[in-house]
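Taken in order, these protein sequences are the chains called A and B.
Residue numbering for the first sequence follows my numbering, starting at 24 and increasing by one per position.
Residue numbering for the second sequence follows my numbering, starting at 24 and increasing by one per position.
Okay, structure first, notes after.
Protein chains: 2
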Amino acid sequence: MKRNTWQRQAVRDALDGAAGFVSAQDLHASLRESGSPIGLATVYRALADLAGEGDADSLQSIEGESLYRACASGGHHHHLICRSCGTTVEIEADDVEQWAAATAARHGFTAPQHVIDVFGLCPACSRKAS
Amino acid sequence: MKRNTWQRQAVRDALDGAAGFVSAQDLHASLRESGSPIGLATVYRALADLAGEGDADSLQSIEGESLYRACASGGHHHHLICRSCGTTVEIEADDVEQWAAATAARHGFTAPQHVIDVFGLCPACSRKAS
DNA sequence: ATCGGTTTTGACAATCATTATCAATAACGG
DNA sequence: CCGTTATTGATAATGATTGTCAAAACCGAT
Numbered sequence: 024m025k026r027n028t029w030q031r032q033a034v035r036d037a038l039d040g041a042a043g044f045v046s047a048q049d050l051h052a053s054l055r056e057s058g059s060p061i062g063l064a065t066v067y068r069a070l071a072d073l074a075g076e077g078d079a080d081s082l083q084s085i086e087g088e089s090l091y092r093a094c095a096s097g098g099h100h101h102h103l104i105c106r107s108c109g110t111t112v113e114i115e116a117d118d119v120e121q122w123a124a125a126t127a128a129r130h131g132f133t134a135p136q137h138v139i140d141v142f143g144l145c146p147a148c149s150r151k152a153s
Numbered sequence: 024m025k026r027n028t029w030q031r032q033a034v035r036d037a038l039d040g041a042a043g044f045v046s047a048q049d050l051h052a053s054l055r056e057s058g059s060p061i062g063l064a065t066v067y068r069a070l071a072d073l074a075g076e077g078d079a080d081s082l083q084s085i086e087g088e089s090l091y092r093a094c095a096s097g098g099h100h101h102h103l104i105c106r107s108c109g110t111t112v113e114i115e116a117d118d119v120e121q122w123a124a125a126t127a128a129r130h131g132f133t134a135p136q137h138v139i140d141v142f143g144l145c146p147a148c149s150r151k152a153s
């Protein structure tokens, strides 16, 4: 049975409060700063659970770190992520979805998975950088 | 100045000989098995250089490992990769390319980069798995 | 409210890929 | 062939993530 602990809730809340994608390390650090004595391993486990249940999205940053984000829409979708501040926009991508599936099928590949994410600088950060 | 060492050439050759994407670790291991005394750090450096010069493609596997592949066509392109054996097909993706750029622009994002790769089981591995 | 079995936690060690260090070596122009 | 200087490679360092396991917390039943 799946138990309801304040730790899992804390991770859930922290994710909801975050503007965009965050790493497990960062999330743990900010929870600690807020006074929570939660352990690092627990944060990793909670995030993995959330991702497994579809309550959070996970992706790999360009540097290879695993990032997580609270996921409002239950369905499958992709993201437009600011490289600088982490702000995220959820993207509708049915076309691309179908393109990926069709491409895999055309070459006889089965069990297709895909990684489709767009990184960039959001308007605010673009202004700052220029 | 950029020097021409047998080590760099060995990495280049090993990449050319590989069927699909390989990790730096694997490449180093197979070079060692072939009798080459090349060092691990050197393999990493050579791969980073090749990727920087556009002579190799690099991407992150679903597990987060960095993978490299000799890159024939100089242009920008994407891949369909077998999760099991690493066999790779280069994909034409102009449509998706433009979709990514347009999506970024529509939301005011600048300096767009994207990660678009499809993983699956190639025909041969599909057969084996069933 | 208490009990008991079971899950979860958390400090710490272990793992794994990758990068930094730095003295020894080798490449290239002269 | 020589000297300068980039490159190598053994090893240590880093940093994220996962495994371990005893102690603590959760929850349904009493």
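Think of the CB as a built atom: it goes at the ideal place given N, C-alpha and C, for glycine as much as any other residue.
Our contact map puts residue i next to residue j with C-beta atoms below 8 Å; I'd like the distance itself, whole angstroms only.
i: Leu50 of chain B; j: Arg106 of chain B; result: So it is not a contact: roughly 19 Å between Cβ atoms.
i: Leu103 of chain A; j: Ala147 of chain B; result: Between Ala147 of chain B and Leu103 of chain A the Cβ distance is about 36 Å, and since that is not below 8 Å, they are no contact.
i: His101 of chain B; j: Ala116 of chain B; result: 5 Å
i: Gln83 of chain A; j: Gln83 of chain B; result: 5 Å
i: Val119 of chain A; j: Val119 of chain B; result: 6 Å
Quick check on DSSP: helix, strand or coil for residue i?
i: Ser107 of chain B; result: coil
i: Asp80 of chain A; result: strand
i: Ala42 of chain B; result: coil
i: Arg55 of chain B; result: helix
i: Lys151 of chain A; result: helix
i: Glu86 of chain B; result: coil
i: Arg26 of chain B; result: coil
For residue i, which of the options has the nearest alpha-carbon?
i: Gln32 of chain B; options: B:Glu56, B:Pro146, B:Ile61 and B:Met24; result: B:Ile61
i: Ser46 of chain A; options: A:Ala64, A:Ala74, A:Pro146 and A:Glu88; result: A:Glu88
i: Gly58 of chain B; options: B:Ala74, B:Ala69, B:Ala37 and B:Asp72; result: B:Ala37
i: Leu54 of chain A; options: A:Ala152, A:Glu115 and A:Trp29; result: A:Trp29
i: Gly75 of chain A; options: A:Ala93, A:Ile114 and A:Glu86; result: A:Ala93
i: Ala64 of chain B; options: B:Val34, B:Asp78 and B:Ser81; result: B:Val34
i: Gln121 of chain A; options: A:Ser153, A:Gln83 and A:His99; result: A:His99
i: Asp78 of chain B; options: B:Ser84, B:Glu86, B:Ile85 and B:Ala69; result: B:Ala69
i: Asn27 of chain A; options: A:Ile85, A:Asp72, A:Ala52 and A:Gln48; result: A:Asp72
i: Asp80 of chain A; options: A:Glu113, A:Ala125 and A:Ser149; result: A:Glu113
i: Arg150 of chain A; options: B:Met24, B:Gly131 and B:Glu86; result: B:Gly131
For residue i, list the residues DSSP reports as bridge partners.
i: Ile114 of chain B; result: B:His101
i: Asp49 of chain B; result: Per DSSP, none; premise fails for Asp49 of chain B.
i: Ile139 of chain B; result: A:Ile139
i: Ser70 of chain B; result: The amino acid occupying residue 70 of chain B in the given sequence is Leu; Ser does not appear at that position. Partner(s): none; Leu70 of chain B has no beta bridge.
i: Thr133 of chain B; result: A:Leu144
i: Leu63 of chain B; result: Answer is none; Leu63 of chain B lacks a bridge partner.
i: Ala93 of chain B; result: B:Ala79
* Asked: Looking at C-beta atoms only, is the number of pairs between the segment 36-46 of chain A and the segment 101-117 of chain A that lie closer than 8 Å three or more?
  -> Yes, since at least three Cβ pairs between the segment 36-46 of chain A and the segment 101-117 of chain A fall closer than 8 Å, the two stretches touch.
* Do three or more CB pairs link the segment 125-142 of chain A to the segment 134-144 of chain B at distances below 8 Å? -> The segment 125-142 of chain A makes contact with the segment 134-144 of chain B: 3 or more CB pairs, one atom from each, lie closer than 8 Å.
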